[in-house]
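Encoded as structure tokens, the structure appears first; notes follow it.
Protein chains: 2
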Amino acid sequence: MGNRDRILELSLKLLNEEGAQAAGTTRIAQVLGISPGNLYYHFRNREAIVRGLFAGLEAEFRAMMVDDVVPPILPERFAAFYLRSFDVAWNYRFFFGGLHHLLRQDEELAASYRQLQAWAIDELEGIVRQLVKDGSMEKPRSKNGLRSLGLNTWIIWMNWIRFVQISGRDQVTRDDMIEGVGQIFDLLVPYLDPAFEKAARRVLTRELRSNPT
Amino acid sequence: MGNRDRILELSLKLLNEEGAQAAGTTRIAQVLGISPGNLYYHFRNREAIVRGLFAGLEAEFRAMMVDDVVPPILPERFAAFYLRSFDVAWNYRFFFGGLHHLLRQDEELAASYRQLQAWAIDELEGIVRQLVKDGSMEKPRSKNGLRSLGLNTWIIWMNWIRFVQISGRDQVTRDDMIEGVGQIFDLLVPYLDPAFEKAARRVLTRELRSNPT
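Same order as they appear, the protein sequences are chains A and B. Each step along the first sequence adds one to the number in the working numbering, with nothing skipped, and position 203 is 201. Each step along the second sequence adds one to the number in the working numbering, with nothing skipped, and position 155 is 153.
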């Protein structure tokens, strides 16, 4: 692994543990045992590191959306997709925790983030639309019902870890994450075909059982 | 208005405009045109100001919950309650925007916040339970369905303004707020009695029309 990747890996760890505001370049160089000069050679400043990390988040997120959501959407696959999405959120939790502040500091990052977010909400809407098409879900009767489901899914997904941390659970467990999956799953439940719901929920329950707190 | 109240009022304005991380005591004293000594006489530090502001948020939030949600819950009243709740969130938007950071800095504030949050989620669950009791809503078929609705309502409510800001809409408009009301309302829609839904939505639509962007 090159120095650039080592810096990114360690920064991700530090930022996740201490929050997006905490770790500066001096600290990162110190923990990594390299000179500030070496660090600056790879990243001009902290913003550049955060942009490098965001590129990783974006790649993982887009890969997941493309790999996991192939029509027709089967319930087991769908549950696995939700679980994986929370792993991605967990791996980059510093980002969603400190989002408002990070975007205020860096217009370039803000533009990239907004593009990803708009795409993600469209995709989430597309997924529920596909579920309706597959006959796995009833269409909501309200006008923008599918859009609203996609948007609510996004908002809960992106804020879940922050919510758990804010609630005072310092050690966010695997079960907390599966609870988050349950919260976004519950958005769809009133519309889902009961057989689809049952099969998807079986996967989530199995995950819960295999990971005791 | 005494100095203490003036400091709180101005701090709220500054924090809301510039974000929870921006305004320090020096800045607040300067903008207020008082000496730092005068400021420190009323508030030992920035944390004390934030705690004072949180007390205001808590009072407004609790009053709203008690005033507005009297059984049986009528649709017009219910819509008005949702609208009012977004006004409260707006008035204290700095708090929800910078929440994770603020709570990390102040254990006393964190404890008060967590108590309010736990109470609020219980109350939101109680409201949907009451809607079921009133015959205005079907009970969700999943085991913790009412709890899950209360929790999702809370998460979307507390993160909505941050979401709008993050999305790059610098000027959060009244319509953005009514869209947020629509998002939490949509959580209940699949379970609601159509007549109740229609009456509540009429109030929201009227609000939208009376406040063009």
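For each residue, glycine too, the CB sits at the ideal point set by N, CA and C.
Three-way DSSP call (helix, strand, coil) for residue i in this model
i	result
L100/A	helix
L190/B	strand
P73/B	helix
Q19/A	coil
Q28/B	helix
Y38/B	helix
S83/B	helix
D168/A	coil
K196/A	helix
T211/B	The pLDDT assigned to T211/B is 49, lower than 50, so where the model puts this residue is not dependable; a value taken from the coordinates is nonetheless given after this. Coil, per DSSP.
V68/A	coil
S146/A	helix
N43/B	coil
Y111/A	helix
S140/B	coil
S9/A	helix
G0/A	coil
Short Cβ contact (8 Å threshold) for residue i with residue j
i	j	result
K164/A	A87/A	Checking the sequence shown, residue 164/A turns out to be Ile, not Lys. Not in contact: I164/A and A87/A (Cβ atoms no closer than 8 Å).
L13/B	F84/B	no
I182/A	W155/A	yes
L37/A	I5/A	yes
R60/B	D66/B	no
I71/A	I125/A	yes
D104/B	E45/B	yes
R112/B	G166/A	yes
P138/A	Y189/A	yes
E123/A	L144/A	yes
V179/A	L202/A	yes
L147/A	L186/A	yes
V48/B	L81/B	no
V162/B	D173/B	no
R26/B	L8/B	Position check: residue 26/B holds Ile in this sequence, whereas Arg was assumed. The answer is yes: Cβ separation under 8 Å.
S110/A	F194/A	no
P73/B	A197/B	yes
H98/A	G22/B	no
N157/A	N142/B	no
D184/B	S33/A	no
H40/B	R2/B	yes
Beta-bridge pairing of residue i - partner residues as DSSP gives them
i	result
M175/A	According to DSSP, M175/A bridges with nothing at all.
M135/A	L190/A
Chain A contact residues for residue i, given Cβ-Cβ distances below 7 Å
i	result
R102/B	G17
Beta-carbon neighbours of residue i, restricted to chain A and to distances below 9 Å
i	result
G22/B	None at all; the shortest Cβ gap to chain A is about 15 Å.
Partner residues on chain B for residue i, Cβ-Cβ distance less than 9 Å
i	result
N157/A	I153, I154, M156, N157, R160 and F161
Chain A contact residues for residue i, given Cβ-Cβ distances below 8 Å
i	result
Y189/B	P188
Cβ of residue i within 8 Å of any chain E Cβ
i	result
L97/B	Going by chain labels, chain E is absent from the structure shown, which instead holds the protein chains A and B.
inquiry  = Using a Cβ-Cβ cutoff of 9 Å, what residues of the stretch 108 to 121 of chain B are near chain A? List them in chain order.
reply    = Correct list: A108, A109, Y111, R112, Q115 and A116.
message = Closer than 8 Å between beta carbons: that is the criterion. Which residues of the stretch 164 to 186 of chain B meet it against chain A?
response = Cβ contacts with chain A come from I164, S165, G166, G180, Q181, D184 and L185.
task = Name, going along the chain, the residues of the stretch 138 to 151 of chain B whose beta-carbon falls closer than 8 Å to a beta-carbon of chain A.
result = Residues are counted here when their Cβ sits less than 8 Å from a Cβ of chain A; for the stretch 138 to 151 of chain B these are P138, R139, S140, G143, S146, L147, L149 and N150, given in chain order.
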